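First the structure, in the form of structure tokens, and then the observations on it.
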Amino acid sequence: MAASTSASASPSCIFCQIARSSTTTTLLHADEKVVAFQDINPSAFRHYLVIPVEHIATVKDLQRRTEDYSLVSHMLNVGQTLLSQDAPTSIRYRFGFHQPPFNSVNHLHLHCFALPYTPRWRKVKYLSLGPLGGFIEADKLLERLKP
Numbered sequence: 002m003a004a005s006t007s008a009s010a011s012p013s014c015i016f017c018q019i020a021r022s023s024t025t026t027t028l029l030h031a032d033e034k035v036v037a038f039q040d041i042n043p044s045a046f047r048h049y050l051v052i053p054v055e056h057i058a059t060v061k062d063l064q065r066r067t068e069d070y071s072l073v074s075h076m077l078n079v080g081q082t083l084l085s086q087d088a089p090t091s092i093r094y095r096f097g098f099h100q101p102p103f104n105s106v107n108h109l110h111l112h113c114f115a116l117p118y119t120p121r122w123r124k125v126k127y128l129s130l131g132p133l134g135g136f137i138e139a140d141k142l143l144e145r146l147k148p
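Our numbering applies: residue 2 is where the sequence shown begins, and numbers increase by one.
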């Protein structure tokens with residue numbers, strides 16, 4: 002898997018706690034690789050997070066390897082399935098990751114949106130800033146990771 006493995010997991014990492022079902026967070030999906038749940042502070046009509054069970058800090062810790070490509074692809078598939086079931090009439094879906102230093106939690110997490118953003122100004126949190134980082138669409142990250 003990625004360079005930053007569960008050995009770097011911290012008991013204080015809230016997403017590690019959620020992945021281990023150590024919180025009261027309602028899981029929308031759980032399997033051996035990922036869990037999904039509603040964002041605590043949603044920015045859109047529907048806003049879910051999909052995280053790996055294994056602690057991986059950020060997209061910068063992912064490598065051009067089959068394992069990492071497979072993980073991100075699985076995360077995206079889970080997010081797409083959840084939104085298509087829960088918000089089938091949404092005008093648009095969006096899937097992506099914040100890149101350091103713009104990530105709020107150092108545990109890899111895929112943002113899954115059924116748009117529109119609510120309130121509208123929230124969309125500025127999810128802009129790509131080119132070489133400076135910002136938000137990267139899941140498809141673009143998969144292109145980078147393809148072995």
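Here a beta-carbon is modelled for each residue, glycine too, at the ideal position from N, C-alpha and C.
All of these numbers come straight from a predicted model, not from anything done at the bench.
Measuring C-alpha to C-alpha distances from Gly-97 to each of Phe-46, Lys-147, Asn-42 and Leu-128 identifies Leu-128 as the nearest. Only residues of its own chain outside the window of five on either side were considered, and among them Ile-19 and Phe-38 have a CB closer than 6 Å to the CB of Thr-26, listed in chain order. With the rule of 3 Cβ pairs closer than 8 Å, the stretch 103 to 119 counts as touching the stretch 49 to 59. Under the DSSP assignment, Tyr-94 falls in the beta strand (DSSP E) whose first and last residues are 93 to 100. Beta-carbon to beta-carbon, Gln-81 and Gly-135 are separated by about 22 Å, too far to satisfy the 8 Å threshold. Going by DSSP, Gly-135 is part of the beta strand (DSSP E) stretching over 135 to 138. Minimum Cα-Cα distance from Lys-61 among the listed residues Ser-23, Cys-14 and Asn-104 corresponds to Asn-104. When only Cα atoms are considered, Ile-15 and Ile-92 end up about 31 Å apart.
The three-state reading of DSSP puts Val-35 in strand, counting E and B together.
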